[in-house]
Amino acid sequence: MRTSTIEKQLFNDGFTHIAGIDEAGRGPLAGPVFAAAVILPKNTSIRKLNDSKILTPSIRESLYKTLLRNNISIGIGIATPSEIDKLNILNATFLAMKRAVGNLLVMPDYLLIDGNKTIPGINIKQKAIVKGDSKCVCISAASIIAKVSRDKYMEEIHKKYSKYGFNQHKGYGTKEHFFAIKNFGICPEHRKTFLKKFVQSDFQTSLFNL
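Printed below as a string of structure tokens:
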């Protein structure tokens, strides 16, 4: 993927540090939501870079390593399961994005956000782009960083909560994950509000009696 027309126009307009913003982990039943902010050099071209969701794990990992070597700045932010339960997933995602921007070592002068909503409460010019992770190189980069970073986190907490299989499903609502919840109850990494929303009727009694 090469620098997009949108990014080129922003560079031509005088912006120098354009940060792509994307998240990973809005839908799972467990684990934080991650966000990444990535500022790349002008005219960046990285082969195979695309929306992280359509790439294989091995390609994502390779691109992740490439991006760690080829960037101006990367910031990562998370919102915890308890923050998700308190704020709701949309506001928790915004919080993670704000934290990602705040963790950049270089201040961006423009933000390109994947999706249809800009980040409230940030005094930086910004634009939301639907399917931006397949259109803009900086957003694609952010999608890779967010996805791989979250996957690594879920693999790490699997060591503590191995009964749930977080290393396999990464917290999503698979049959195996629901089975583990039914048998072992929930752990501190679970999102209680998501369990109430997504629980299947045949698991309902077990879950709500935990």
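Residue numbers 62 to 271, in my numbering, belong to the letters of the sequence shown in order. The beta-carbon is built from N, C-alpha and C at its ideal position, and this holds for glycine as well. All of these numbers come straight from a predicted model, not from anything done at the bench.
- For TYR225, the three-state secondary structure derived from DSSP is helix.
- One Cα belongs to GLU217, the other to PHE245, and the distance between them is close to 19 Å.
- If you check the CB distance, LEU172 and ALA80 come in under 8 Å.
- When the alpha-carbon of LEU71 is set against those of LYS103, ILE242, GLY92, the nearest one is in LYS103.
- Taking 8 Å as the cut-off, the Cβ atoms of GLU68 and CYS199 count as close.
- Residue burial is scored here from C-beta neighbours: VAL191 has fewer than 16 other C-beta atoms within 10 angstroms and is therefore classed as exposed.
- In terms of Cα proximity to LEU129, the closest of SER210, SER65, PHE227 is SER210.
- Linking ILE180 to ILE137 through their CA atoms gives a straight-line distance of about 15 Å.
- Between the C-alpha atoms of ASN164 and ILE139 there is a straight-line separation of about 11 Å.
- Boundaries of the beta strand (DSSP E) around ASP83: 79-85.
- THR77 and ASP170 do touch by the CB rule: their CB atoms are close to 6 Å apart, below 8 Å.
- In the displayed model, SER119 falls within a helix according to three-state DSSP.
- For the 8 Å CB-CB criterion, LEU90 and HIS219 do not form a contact.
- Taking the CA atoms as reference points, ALA97 sits about 29 Å from LYS236.
- Taken through DSSP and simplified to helix, strand or coil, LYS213 comes out as helix.
- Residue environment: ILE206 is assigned as buried (16 or more neighbouring CB atoms within 10 Å of its CB, all protein chains considered).
- For PHE155, the uninterrupted alpha helix (DSSP H) run begins and ends at 150-163, by DSSP.
- The straight-line gap separating the alpha-carbon atoms of VAL162 and TYR233 is approximately 26 Å.
- Bridge pairing for HIS251: ALA91 [DSSP].
- Non-local C-beta neighbours of ARG121 in its own chain, meaning closer than 7 Å and more than five positions away in sequence, comprise SER113, ILE205, LYS208, VAL209, ordered along the chain.
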